[in-house]
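J.:
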Amino acid sequence: AQRVTQPEKLLSVFKGAPVELKCNYSYSGSPELFWYVQYSRQRLQLLLRHISRESIKGFTADLNKGETSFHLKKPFAQEEDSAMYYCALLYNFNKFYFGSGTKLNVKP
Amino acid sequence: DVKVTQSSRYLVKRTGEKVFLECVQDMDHENMFWYRQDPGLGLRLIYFSYDVKMKEKGDIPEGYSVSREKKERFSLILESASTNQTSMYLCASSTTQQGSGNQPQHFGDGTRLSIL
Chain A
39 AQRVTQPEKL LSVFKGAPVE LKCNYSYSGS PELFWYVQYS RQRLQLLLRH
89 ISRESIKGFT ADLNKGETSF HLKKPFAQEE DSAMYYCALL YNFNKFYFGS
139 GTKLNVKP
Chain B
668 DVKVTQSSRY LVKRTGEKVF LECVQDMDHE NMFWYRQDPG LGLRLIYFSY
718 DVKMKEKGDI PEGYSVSREK KERFSLILES ASTNQTSMYL CASSTTQQGS
768 GNQPQHFGDG TRLSIL
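Residue numbers (our numbering), protein chains in the order written: chain A, 39 to 146; chain B, 668 to 783.
1) Taking DSSP's pairing of strands, which residues face Arg711(B) in a bridge?
2) Can you tell me which of the three DSSP states Asp119(A) falls into?
3) Need the endpoints of the beta strand (DSSP E) that Met694(B) sits in, please.
4) Would you mind working out which of Ala99(A), Ala115(A) and Leu82(A) sits nearest Gly775(B), comparing C-alpha positions?
5) May I ask you to list, following chain order, the residues of the region 713-740 of chain B that have a beta carbon less than 7 Å from some beta carbon of chain A?
6) Mind checking if Gln116(A) is an interface residue toward chain B, Cβ cutoff 8 Å exclusive?
7) Measure the alpha-carbon distance for Val57(A) versus Tyr129(A) and round it to whole angstroms.
8) Alpha carbon to alpha carbon, how far is Tyr731(B) from Thr793(B)? Give it in angstroms, no decimals.
9) Are Val686(B) and Leu745(B) close, meaning C-beta to C-beta below 8 Å?
10) As an exercise, report each continuous beta strand (DSSP E) stretch of at least 3 residues that is fully enclosed by the region 77-132 of chain A, in chain order.
11) Spell out whether any CB of chain B is found under 8 Å from the CB atom of Phe97(A).
12) Out of Arg681(B), Gly683(B) and Val671(B), which has the shortest C-alpha to C-alpha gap to Asn698(B)?
13) Does the beta carbon of Lys103(A) sit closer than 8 Å to a beta carbon anywhere in chain C?
14) Mind checking if Gly139(A) is an interface residue toward chain B, Cβ cutoff 8 Å exclusive?
15) Can a CB atom of chain A be found closer than 8 Å to the CB of Gln772(B)?
16) Might you give, ordered along the chain, the residues of its own chain that have their beta carbon closer than 6 Å to the beta carbon of Val683(B), omitting 5 neighbours on each side?
17) Based on the DSSP secondary-structure assignment, which residues constitute the bridge partners of Ala759(B)?
18) Rounded to the nearest angstrom, how far is the Cβ of Glu46(A) from that of Lys60(A), given a contact under 8 Å?
19) If the cut is a Cβ gap below 7 Å, which residues of chain B does Lys111(A) touch?
20) Using alpha carbons as the reference points, say which of Ala55(A), Lys141(A), Gly139(A) and Gln44(A) lies closest to Gly96(A).
21) Taking the alpha-carbon of Phe741(B) as reference, which of Leu780(B), Thr763(B), Tyr756(B) and Gly709(B) has the nearest alpha-carbon?
22) Thinking Trp73(A) and Leu110(A) are a contact (beta carbons under 8 Å), I'd like their distance in whole angstroms, please.
23) From the beta carbon of Asp776(B), is the nearest beta carbon of chain A less than 8 Å away?
24) Buried or exposed: where does Asp119(A) fall if 16 or more other Cβ atoms within 10 Å of its Cβ makes it buried?
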C-alpha cells in the first residue's frame, strides 16, 4: 500500500536558519511526489513537484529513490514561510495520498 | 487560473440531518475529489470521481456518498450526520492531459462543518 510519512508535526526555526521538512514514502510503482502549502486562512496550493525540478520561493526538493524520501529544503527561512506543509504522492494514475502535514513556524 | 468553489465556508448542522456540500470547478477538469482535513491526520480522501457519474471510494467513505451529474459539479452527501463528521472538508480538481503528465490538484477554500 502507498504511504506518505511526515515525521514532524511542528518545526520551529529562526529567521535566516536553514530548514528541512522531511517526507518519506512507500510505493511499489514509480513515484510522483508533490509538496503543497497552506498559509494561514488561505487555500491549499501546490508549492512544487519533483518532475519539475524547480525552486519555488527558495524551496527545493529532491526525490531520493534509494532512501524513498522527498525532503523539502530552504537554505534561509523567512517569516512568511510559516505555514502548514503537506507532502503528497500521486498513485493509481490520478489519486493523491497526503501526509499528515508539518507546521513550520519561523521565528523572528 | 483554476477556480474551485465550495458553496459554504461554514456550516452548522444537527445530528441525523442529511447534509449536502457542493463543489464547482470552472476548468473542465475530469477528476474531482473530496477530502476531510483533521489536525494531526492531514488530508484523507473520502471519494473521488474521474468522470461524470463515475465515482470511487477513497480511504474513509463510510457515512458519505457523492454525486457527479455534471462535469463541473461534485457533491458530498452526509446521509445522517454524526458528531464525528465535524471537520474541515476540502474539494479539489485535477486533469490528466495527454503528453503533459498528471497535473496537480487545485483546491477550494474548504467548508468547516460542525455537527451538533
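Cβ coordinates follow ideal geometry from the N, Cα and C atoms, glycine included. Note that the coordinates shown come from a computational prediction; the quantities given were computed from them, not determined experimentally.
T.: In short:
1) Arg703(B)
2) helix
3) From DSSP, Met694(B) is part of no beta strand (DSSP E); its letter is neither H nor E.
4) Leu82(A)
5) Phe715 and Tyr717
6) no
7) 28 Å
8) Examination of residue 793(B) is not possible in this model, given that chain B is present from 668 through 783 alone.
9) yes
10) 83-87, 110-112 and 121-129
11) no
12) Val671(B)
13) In the structure shown, chain C does not exist; the protein chains are A and B.
14) yes
15) yes
16) Looking at the sequence provided, one finds Gly at residue 683(B) rather than Val. The residues are Ser747.
17) Phe700(B) and Phe774(B)
18) 6 Å
19) Residues of chain B passing the Cβ test: none, with the nearest at roughly 20 Å.
20) Ala55(A)
21) Tyr756(B)
22) 5 Å
23) yes
24) buried
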